[in-house]
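Peer 1:
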Amino acid sequence: MTTTSTTPPQTSVAASARGLTRTYGAADRAVHALRGVDLDLPAGRFTAIMGPSGSGKSTLMHCLAGLDPATSGAVTVAGRELAGLDDTALTLFRREHIGFVFQAFNLLPMLTAGQNILLPLELAGREVDRALYDQVVSVLGLTTRLGHLPSELSGGQQQRVAIARALVTRPAIVFADEPTGNLDSEASAEVLGHLRRSVRELGMTVVMVTHELDAAAYADDVVVIHDGAITAHLVEPSADVLVAALRGRNR
Amino acid sequence: MRTALLASLRHHTRRYVASGLAVVIGVAFIVVTGILTGATREGLTADVGAPVAGVDTVATVDDPQAAQRLLDEAAARDVPALGLGYAMEPVARDGVQLAASADIGEASLTPSLQWQELEEGRFPATAGEALADVNAAKRTDVGVGDVLRVGTGAAAREVEVVGMVDSPAALGASLYVPWQVLSGFDGTLWIDAVAWGGSADLAREIAPAAELEPATDWVAERQAEIARGVDVIAIMALIFVVIALVVAVLVIANTFAILFAQRQRDFALLRCVGVTRRQLRRSVRVEALLLGIVASLTGVAGGIALGFGAVALVRHWFADMGTASLPPVWLAAGFTVGVLVTVAAAWMPTRSVTRVAPLAALRPDTGVDVRSAAGRGRLTLAALALVGGVTLLVLAVLGHQVPLMLAGGTAAFIGVLLFGPVLVPALIRLVGRLPGAGPVRRLATGNAVRNPRRTATTAASLLIGVTLTTAVLTGLASSRTALDVEMDASYPLDATVTAATDPLETGLADRATALDGVDDAVTLEGTFARAADVRLPLVGVGTRPAVVRGPDDLVPRDGQLLLPIALVEELPKHLADQVYDDATLTLRVAGRPITLDTVVDDGWGRSGLVSAATLARIDPDPQPVALWVRAADGADPEDLQGDLAALAGASGAALEGGYGNRSWVDLQVDVLTGAVVSLLGIAIAISLVGIGNTLGLSVLERGRENALLRALGLTRRQLRRAMAVEGLLLAGVASLLGAALGLAFARVGVEVMVQPAVEHVVFAVPVVQVAAVVGVAALAGLAACVLPARRAARVAPAAGLALE
């Protein structure tokens, strides 16, 4: 295995993993989704995690986000060690520090766009930061859509609502799981542009799982994963470097 | 297709459990009713023939006098004959009353007509001997050798118990005395048939109107009569079975609708790979059929077990219950009804299955989005049913027409059910928006109203049970209030102890008041008068005593004498005629004659009532002669009777009063209330299974959504609470709506049914009972979502998100 790891510029770390493994199933039929991953995700940057289907990229994201417990190893998010937190503590931690954007089925169908955006704050019983809310809504171009139900929005608009929801709590880190998986190329470009703007203009940290090269091109950094292990961590790679890193395993 | 069908059944077994349970309960209900009916009928008809086994002929008469003539003549001519009937008379032992009104039957002195089963002692040989029933004697501890005084006043007779017998329910009495004694109680004696051992000609000669028939025919008729009585009860029970089954249909139909909605993609995929519309429809209908068969078999088996258990339990207290047997017709009917109900309930949902386009399988999965709403046709129908129903109800109230009321009530209720998809979500939103709502309640409210039709059907099942229960409880409470007023008028005094020969002991009122079941007691002064040779206690009443109930004060005008009818009957004929014809009575007090105006009335025991002034005029030195008692609420009538009898017995006085009758009527209303509520409880139980089921299936449907919420920061506790609140909202709104409807229907029912029968009808709302029904139903709805909530909360967010 060739590890072409370049250390990113020294900034603070939003999330990190050390010796992270995740195994599913019983011993004889165990599936090793992650095999000892070490990773630091810098704050204030847009990082893409790339890999083919079944490479473990979604599992990595779920473990980093505290949605799925690690089999062994350590995960630290916003300076907090996740191992040892019980379900409730983990949930409270998630709603304080982590934002999510999923591929599909992102919004609750019975709530309007505005209600969906404010849902995490409501669940946490937190005050709405009006200034941030207005800023997020306008950055994502949702000002005129807040009263609509998800079924009345286009796919791209739905994903923008999901992004707004992830940002409005001012989380330490936002995880986006294939956020453009269900969108056509035009809507994809729009959503990815908004994700990048939220990093640039709002100073957020975004980690995106994707298998699309075009999507990864919007990111600052790219982490490449194959068969449950990280094969590259590239800082602002050019398209050629990125393609090379993705093909690296087959070479 | 069969592979897919079997695989689907295996895969979805657990999802069918709840709807299966609804069928199981309904079928078991039918089977238990059948077994109980059979055992009751067997028990009641057994040994009906025993009293006439010794004769070939039974003479039936319309006129009790004819029966008495037959028996008198039979005794005179030494022809074997037995009166089939009884007198109702008080029974006392050693001056202490054992029963205010015991049924007294005839004990034959002819060995061939001594039909009772002797348990101890022997049969009577002379007129002064009697038989006592062992079951009746258990309470009073009567045994062989006891001397009992039967009847009142001059008609009273003393008999010695020489044997203890066991007698069947249908013709049993508490005490059996020879005809010579029984014929003396002609005031309360009722005999409509005579077991006749003589010739038919002789019977016709004595009583030309008597209808003679072979004893076997008479027995068959009696058995048929009893069986009809039992059948009426069975039919009443079946009404509740029907209600339970209607609820079961709603639960099953809802289950299938939800399951099919969730399996749309499976169905579409099957259509894609070449399954025809018809094959698909048949496949899901076979699923329903198999579910119906399995659930009905389980219900039959469960019903048999429950029925045998119930019969054994009842036999423990009620010796006349027969043995349990398997009623093939009931078993078959239960099974068939169970299968039919399941298939019928699944019919509508299966129609929608076939509308699935094969393309649905190819669309990206956006989660199950089964929004359903009320169609315009449905709303029109609802409005028609509601308006028509209300109109019929108004007409029913105006004309006191019960059939109109039933038709109107049913139509109006169906109207409400059809409005459900609009009405129920609106109410849930209203309740959900009550102040103090947090995110959990808002979430729960949103979830509860997401599928208006599903929500409405789930609520409807509970609505039926709660509406009927509330209506019945309120109707019975109003009837009870009306009855109480009637009882107050008929029985102004709960209990009276009246001196017979000597004045009452002083301090009796204090001792009576100290008794547990006594609320208040007063001693009244009076004197003893004589009317010919009848000793007649006179009680002076000045102002209305505090213990008197009802509208009548029991205060006579000056110079007036209130006489109970029983006392008038005791008087010699010329004096009784004076009372009836002239409304006066001439008495002697301390040797002086005095004539008073009489009014015949009843309710205060064996004494005449005069005003205090009249009493002072006829006896300047009155003595205590009567103790009037008001019972405490809920006092046990037997205990009160026993305690007061002990007091009365010691002073040689007679005990009477209306409390026994009052509490007997109360008990009947209580038993009726309990029976109806527990029978309706079965329907409510089925609907609660339905609520749990709807929520449980919704949990499966909302797997991704719940995972998303968990990822966004909803804690496990919050998720569980949201589910609980959803169940509570659903059950609570259904119960409140049901209670409101039930009260409205009860109001109509009271106007239509009770008003014409009883005066002074008051519409009484049993607030505590209705609140309890609503509370229990709402809390049970809460309990019904414990399992679904736990299941929902158990799923880890990542696993939920991976659900496809």
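So the sequences go chain by chain: A and B.
According to this note's numbering, the first sequence holds residues 1 to 251 in order.
According to this note's numbering, the second sequence holds residues 1001 to 1804 in order.
Glycine included, every Cβ here is placed at the ideal spot set by N, Cα and C.
In the structure shown, what three-state DSSP assignment does TRP1179 (chain B) receive?
Peer 2: To locate residue 1179 (chain B), count along the second sequence from 1; it is residue 179. The answer is helix: DSSP assigns TRP1179 (chain B) an H, G or I state.
Peer 1: Is the Cβ of HIS211 (chain A) closer than 8 Å to any Cβ of chain B?
Peer 2: By 1-based counting over the first sequence, the position of residue 211 (chain A) is 211. Taking Cβ atoms only, chain B never reaches closer than 8 Å to HIS211 (chain A), which makes this a no.
Peer 1: Given a threshold of 16 other Cβ atoms within 10 Å of its Cβ, counted over all protein chains shown, does ASP1047 (chain B) qualify as buried or as exposed?
Peer 2: On the second sequence, position 47 is the one that residue 1047 (chain B) refers to. Answer is buried; the Cβ neighbour count reaches 16.
Peer 1: Can you have a look at ILE1239 (chain B) and say buried or exposed, based on whether 16 or more other CB atoms are within 10 angstroms of its CB?
Peer 2: In the second sequence, residue 1239 (chain B) corresponds to position 239, counting from 1. Per the 10 Å Cβ criterion, exposed.
Peer 1: Mapping DSSP to helix, strand and coil, what is HIS233 (chain A)?
Peer 2: By 1-based counting over the first sequence, the position of residue 233 (chain A) is 233. Looking at HIS233 (chain A) - three-state DSSP - the assignment turns out to be strand.
Peer 1: Less than 7 Å between C-beta atoms, sequence neighbours within five positions excluded: which residues of the same chain meet that for HIS308 (chain A)?
Peer 2: An answer regarding residue 308 (chain A) cannot be provided, because it is not within the stretch 1 to 251 covered by chain A.
Peer 1: Short of 6 Å in beta carbon distance, which residues of its chain neighbour ILE1243 (chain B), apart from the five on each side in sequence? Order them along the chain.
Peer 2: Locating residue 1243 (chain B) in the second sequence gives position 243, where the first residue counts as 1. Correct list, in chain order: ALA1683.
Peer 1: Between PRO1572 (chain B) and the rest of its own chain, which residues show a CB-CB distance below 6 Å, the 5 nearest in sequence each way excluded?
Peer 2: Looking up residue 1572 (chain B) in the second sequence gives position 572. Around PRO1572 (chain B): ALA1532.
Peer 1: Counting only beta-carbon atoms, is ALA83 (chain A) nearer than 8 Å to chain B?
Peer 2: Reading the first sequence from its first residue, position 83 is the one you call residue 83 (chain A). Closer than 8 Å: no.
Peer 1: Taking THR1003 (chain B) as the reference, which of B:ALA1220, B:LEU1280, B:ARG1222 and B:ARG1069 has the closest Cα?
Peer 2: Locating residue 1003 (chain B) in the second sequence gives position 3, counting from the first residue. Looking at the Cα atoms, B:LEU1280 is the closest of the given residues.
Peer 1: Report yes if the C-beta distance between LEU1709 (chain B) and LEU1719 (chain B) is below 8 Å; otherwise report no.
Peer 2: In the second sequence, the residue the question calls residue 1709 (chain B) occupies position 709. In the second sequence, the residue the question calls residue 1719 (chain B) occupies position 719. Yes, the Cβ-Cβ distance between LEU1709 (chain B) and LEU1719 (chain B) is below 8 Å.
Peer 1: With 8 Å as the threshold, decide whether the Cβ of LEU1714 (chain B) is near any Cβ in chain A.
Peer 2: The residue labelled residue 1714 (chain B) in the question sits at position 714 within the second sequence. Yes, because at least one Cβ of chain A sits closer than 8 Å to the Cβ of LEU1714 (chain B).
Peer 1: Using the rule of at least 16 other Cβ atoms within 10 Å of the residue's Cβ for burial, across every protein chain shown, is SER1678 (chain B) buried or exposed?
Peer 2: Here residue 1678 (chain B) refers to the residue found at position 678 when the second sequence is read from its first residue. SER1678 (chain B) comes out exposed.
Peer 1: DSSP three-state call for LEU1082 (chain B): helix, strand or coil?
Peer 2: Looking up residue 1082 (chain B) in the second sequence gives position 82. Looking at LEU1082 (chain B) - three-state DSSP - the assignment turns out to be strand.
Peer 1: Could you check the C-alpha separation between ALA1798 (chain B) and ALA104 (chain A) for me, to the nearest Å?
Peer 2: Mapped onto the second sequence, residue 1798 (chain B) falls at position 798. Mapped onto the first sequence, residue 104 (chain A) falls at position 104. Taking the straight line joining both Cα atoms gives about 14 Å.
Peer 1: On the criterion of 16 or more Cβ atoms from any shown chain inside 10 Å, does SER185 (chain A) qualify as buried, or is it exposed?
Peer 2: The residue given as residue 185 (chain A) occupies position 185 in the first sequence. Exposed, since its Cβ has fewer than 16 Cβ neighbours within 10 Å.
Peer 1: In its own chain, which residues sit with a C-beta less than 7 Å from the C-beta of LEU167 (chain A), not counting the 5 before and 5 after it?
Peer 2: Reading the first sequence from its first residue, position 167 is the one you call residue 167 (chain A). Closer than 7 Å at Cβ, skipping near neighbours: GLY99, VAL136, VAL174, SER198, LEU202 and MET204.
Peer 1: Between the alpha carbons of LEU1331 (chain B) and VAL1023 (chain B), how many angstroms are there, rounded?
Peer 2: Counting from 1 along the second sequence, the entry for residue 1331 (chain B) is found at position 331. Counting from 1 along the second sequence, the entry for residue 1023 (chain B) is found at position 23. Cα-Cα distance, rounded: 14 Å.
Peer 1: Check the Cβ-Cβ distances between GLU122 (chain A) and every residue of chain B, and say whether any is below 8 Å.
Peer 2: Sequence index remark: in the first sequence, residue 122 (chain A) carries index 122 (1-based). Chain B contact via Cβ: present.
Peer 1: Quick one: what's got a C-beta closer than 8 Å to VAL1249 (chain B)'s C-beta in the same chain, skipping five residues either side?
Peer 2: Counting from 1 along the second sequence, the entry for residue 1249 (chain B) is found at position 249. Contacts found: VAL1341, ALA1344 and ALA1345.
Peer 1: Where are the alpha helix (DSSP H) runs, 4 residues long or more, that stay fully inside the region 1699 to 1757 of chain B, in chain order?
Peer 2: Qualifying alpha helix (DSSP H) stretches, in chain order: 1703 to 1711 and 1716 to 1749.
Peer 1: If the cut is a Cβ gap below 9 Å, which residues of chain B does LEU92 (chain A) touch?
Peer 2: Here residue 92 (chain A) refers to the residue found at position 92 of the first sequence. In chain order: GLY1713 and THR1715.
Peer 1: Bridge partners for SER16 (chain A) per DSSP, in chain order?
Peer 2: Here residue 16 (chain A) corresponds to residue number 16 of the first sequence, with the count starting at 1. Answer by DSSP bridge pairing, in chain order: A:ASP40 and A:THR76.
Peer 1: Under 8 Å, Cβ to Cβ, is there at least one residue of chain A near PRO1328 (chain B)?
Peer 2: For the purposes of this step, residue 1328 (chain B) is taken as residue 328 along the second sequence, with counting starting at 1. Not an interface residue.
Peer 1: Any beta carbon of chain A sitting closer than 8 Å to that of LEU1708 (chain B)?
Peer 2: Position 708 of the second sequence holds residue 1708 (chain B). Taking Cβ atoms only, chain A reaches closer than 8 Å to LEU1708 (chain B), which makes this a yes.
Peer 1: Within 8 Å, do at least three Cβ pairs link the region 227 to 236 of chain A to the region 1009 to 1024 of chain B?
Peer 2: In short, these stretches do not touch, since the Cβ pair count stays below three.
Peer 1: Give the straight-line distance between the Cα atoms of GLY1054 (chain B) and ALA1130 (chain B), rounded to the nearest whole angstrom.
Peer 2: Locating residue 1054 (chain B) in the second sequence gives position 54, where the first residue counts as 1. Locating residue 1130 (chain B) in the second sequence gives position 130, where the first residue counts as 1. In a straight line, the C-alpha of GLY1054 (chain B) is about 20 Å away from that of ALA1130 (chain B).
Peer 1: Mark LEU1398 (chain B) as exposed unless 16 or more other C-beta atoms lie within 10 angstroms of its C-beta, in which case mark it buried.
Peer 2: In the second sequence, the residue the question calls residue 1398 (chain B) occupies position 398. The residue in question, LEU1398 (chain B), is exposed, as its Cβ has fewer than 16 Cβ neighbours within 10 Å.
Peer 1: Check for me: the alpha helix (DSSP H) holding GLU201 (chain A) runs from which residue to which?
Peer 2: Along the first sequence, one-based indexing puts residue 201 (chain A) at 201. Here the alpha helix (DSSP H) through GLU201 (chain A) covers 185 to 202.
Peer 1: Please classify PRO1756 (chain B) as buried or exposed, where buried requires at least 16 neighbouring CB atoms within 10 angstroms.
Peer 2: Position 756 of the second sequence, counting from 1, holds the residue named residue 1756 (chain B). With fewer than 16 other Cβ atoms within 10 Å, it is exposed.
Peer 1: Which residues mark the beginning and the end of the beta strand (DSSP E) in which GLY99 (chain A) is found?
Peer 2: Position 99 of the first sequence, counted from the first residue, corresponds to residue 99 (chain A). Run containing GLY99 (chain A): 98 to 101, per the beta strand (DSSP E) assignment.
Peer 1: If you measure from the beta carbon of ALA1789 (chain B) to each beta carbon in chain A, is any gap under 8 Å?
Peer 2: Counting from 1 along the second sequence, the entry for residue 1789 (chain B) is found at position 789. With 8 Å as the cut-off, ALA1789 (chain B) does not count as an interface residue toward chain A.
Peer 1: Could you give the C-beta distance for GLY1742 (chain B) and THR1481 (chain B), rounded to a whole number, given that I count them as a contact under 8 Å?
Peer 2: Taking the second sequence and counting its residues from 1, one reaches residue 1742 (chain B) at position 742. Taking the second sequence and counting its residues from 1, one reaches residue 1481 (chain B) at position 481. GLY1742 (chain B) to THR1481 (chain B), Cβ: 17 Å. No contact.
Peer 1: Measuring straight from C-alpha to C-alpha, what distance separates MET1088 (chain B) and ASP1103 (chain B)?
Peer 2: Numbered from its first residue, the second sequence carries residue 1088 (chain B) at position 88. Numbered from its first residue, the second sequence carries residue 1103 (chain B) at position 103. Each residue's alpha carbon lies about 5 Å from the other.
Peer 1: What is the residue span of the alpha helix (DSSP H) that GLY1475 (chain B) lies within?
Peer 2: The sequence position of residue 1475 (chain B) within the second sequence is 475, counting from 1. Its alpha helix (DSSP H) spans residues 1452 to 1490.
Peer 1: Going by DSSP in three states, GLN1623 (chain B) sits in which element: helix, strand or coil?
Peer 2: Numbered from its first residue, the second sequence carries residue 1623 (chain B) at position 623. Strand.
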